[in-house]
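Peer 1: Residue numbers (my numbering): 718 to 1092. Think of the CB as a built atom: it goes at the ideal place given N, C-alpha and C, for glycine as much as any other residue.
(1) So, under 8 Å CB-CB, residue 838 and residue 851 are touching, yes? Tell me the CB distance rounded to an integer number of Å.
(2) Does DSSP classify residue 1012 as helix, strand or coil?
(3) Quick one: is residue 787 buried, meaning 16 or more other Cβ sit within 10 Å of its Cβ, or exposed?
(4) With a Cβ-Cβ cutoff of 8 Å, do residue 771 and residue 759 count as a contact?
(5) Could you check the C-alpha separation between residue 1029 and residue 1059 for me, to the nearest Å?
(6) Sort out for me which residues DSSP pairs residue 735 with in a bridge.
(7) Give the single residue among 1084, 822, 762 whose Cα lies nearest to the Cα of residue 802.
(8) Using a beta-carbon distance below 8 Å, is residue 862 in contact with chain D?
(9) For the structure I just gave you, are there three or more beta carbon pairs, one from the region 853 to 861 and one from the region 887 to 896, closer than 8 Å?
(10) Threshold first: 3 residues or longer. Then list the beta strand (DSSP E) segments lying entirely within the region 832 to 890, N to C.
(11) Buried or exposed: residue 992, going by 16 or more other Cβ atoms within 10 Å of its Cβ?
(12) Using DSSP with H/G/I as helix, E/B as strand and the rest coil, what is residue 677?
(13) Could you name the residues of the same chain whose beta carbon sits closer than 6 Å to that of residue 847, not counting the 5 residues immediately before and after it, in chain order?
(14) Identify the residues that DSSP records as bridge partners of residue 814: which are they?
(15) Shortest alpha-carbon distance to residue 730 belongs to which of 1048, 881, 775?
(16) I want to know whether the region 1031 to 1038 touches the region 1064 to 1080 - three or more CB-CB distances under 8 Å.
(17) Along the chain, where does the alpha helix (DSSP H) that runs through residue 1063 open and close?
(18) Rounded to whole angstroms, what's the CA-CA distance from residue 1067 to residue 1090? Just pull it up for me.
(19) Considering only their Cβ atoms, is the gap separating residue 784 from residue 795 smaller than 8 Å?
(20) Considering only the beta carbon of each residue, do residue 830 and residue 805 sit closer than 8 Å?
(21) Do residue 879 and residue 823 have their C-beta atoms closer together than 8 Å?
(22) If I follow the unbroken alpha helix (DSSP H) through residue 1085, where does it start and stop?
(23) Could you tell me how far apart the beta carbons of residue 660 and residue 767 are, in whole angstroms, since I believe they sit closer than 8 Å?
(24) So, are the CB atoms of residue 864 and residue 916 less than 8 Å apart?
(25) Alpha carbon to alpha carbon, how far is residue 867 from residue 883? Give it in angstroms, no decimals.
(26) What residue range does the alpha helix (DSSP H) around residue 1037 cover?
(27) With a CB to CB cut of under 6 Å and the five nearest residues on each side skipped, what residues in its chain are close to residue 1061?
(28) Closest to residue 1042 by C-alpha separation, out of 1065, 899, 1057, would be which residue?
(29) Taking buried to mean at least 16 other C-beta atoms within 10 Å of its own C-beta, is residue 1050 buried or exposed?
(30) Give the straight-line distance between the Cα atoms of residue 756 and residue 888, rounded to the nearest whole angstrom.
(31) Let me check understanding here. Comparing Cα to Cα, which of 872, 877, 792, 754 lies closest to residue 858?
(32) Using 8 Å as the threshold, is the C-beta distance between residue 779 and residue 732 below it?
(33) Could you give the C-beta distance for residue 874 and residue 886, rounded to a whole number, given that I count them as a contact under 8 Å?
(34) Just to confirm before moving on: does the CB-CB distance between residue 860 and residue 900 stay below 8 Å?
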């Protein structure tokens, strides 16, 4: 995402309208007192509509004061979400989708129209009526190419666009004429262009015979979605029988709830009736991976036989390993030449060497030869 910043030119005086403040207050009341900052995004959206499609710095600060938030926190949200416009836009702000489905269906032709009528991306027309940007997928790929056009009242999708009908659409917007949202061709939603290609026969599953279902003796009533003007129920449209209402009182539950499955889940002892498990035996396995003894070939009190040998003569031992070995009391070839398997495992653990390295590099074999040469 590119950097987003406040517009350089800001209005000298801007305050949220009383209507906008009332809407923001309604959103704030939806949250507990210690969670009212959750209303930030709705508040910013209301402010954007109130300011003519963008968010001035003054609106940002005012919302911060309303929600008791630091201005920088509000700024972080505004600059993160591209749905918030940081600079003035036209009365009708066009967000044209340019991703693959729309591009394949001709969004380049629509961009050419916008560039000719308005200007480059991010421009506002001279009369202030139109502005446009290119955006990522808006989720209406079945009706590509498409655009979302926002104004003070709404945010509508306009789909199945061509250069010709898009020109006509823009003319109507500028003239203030009503433009129906949705597909701009003969389609109603996203059905196939030219008519249906499935369920076109006259069988029982034809779209005109849905009330005559198989294996039924009478017509079946279909519950289509019907708006509930009073919003009296969360489940609208007849999907739930309104006479069968839920009750918080367990004594008033309906008889169709089935048996109570909670008995024995919490109150009863889950181990009741089970045989007691025999106590675990203390079986300590003997292993030679980490020997508990200290090999005799390791000295810890410093070199005892004069000047220490140059252990770096052993292929595989560098300055680091030599220093580590000396700190563990190993100074002479004869010590390394006397190592057994247990000694090797212990030394590898002490100096942090990968297991098997000492054997692979033949330290013991080399040390024996060097000890004989020294003798």
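Peer 2: Reading it off the structure:
(1) 6 Å
(2) For residue 1012, the predicted model reports a pLDDT of 48, less than 50, meaning its position is unreliable; a value from the coordinates is still stated below. Looking at residue 1012 - three-state DSSP - the assignment turns out to be coil, as it is neither helix nor strand.
(3) exposed
(4) no
(5) 23 Å
(6) Partner(s): none; residue 735 has no beta bridge.
(7) Nearest to residue 802 by C-alpha distance, out of 1084, 822, 762, is 762.
(8) Given the protein chain composition of this structure (a single chain), no chain D is represented.
(9) Contact fails between the region 853 to 861 and the region 887 to 896, because fewer than three Cβ pairs, one in each stretch, are under 8 Å apart.
(10) 847 to 852, 864 to 867, 872 to 876
(11) exposed
(12) Outside the shown range of the chain (718 to 1092) lies residue 677, about which nothing can therefore be said.
(13) 807, 809, 835
(14) 852
(15) 775
(16) yes
(17) 1058 to 1068
(18) 28 Å
(19) At a Cβ-Cβ threshold of 8 Å, residue 795 and residue 784 do not count as neighbours.
(20) no
(21) yes
(22) Run containing residue 1085: 1080 to 1091, per the alpha helix (DSSP H) assignment.
(23) Only positions 718 to 1092 of the chain appear in this structure, which leaves residue 660 out of reach.
(24) No, they are not a contact pair.
(25) 15 Å
(26) 1036 to 1044
(27) 1075
(28) 1065
(29) Under the 10 Å beta carbon count, residue 1050 is surrounded by 16 or more other beta carbons and is classified as buried.
(30) 37 Å
(31) 877
(32) yes
(33) Separation of the CB atoms of residue 874 and residue 886 is rounded to 12 Å, and the pair is thereby denied contact status at 8 Å.
(34) yes
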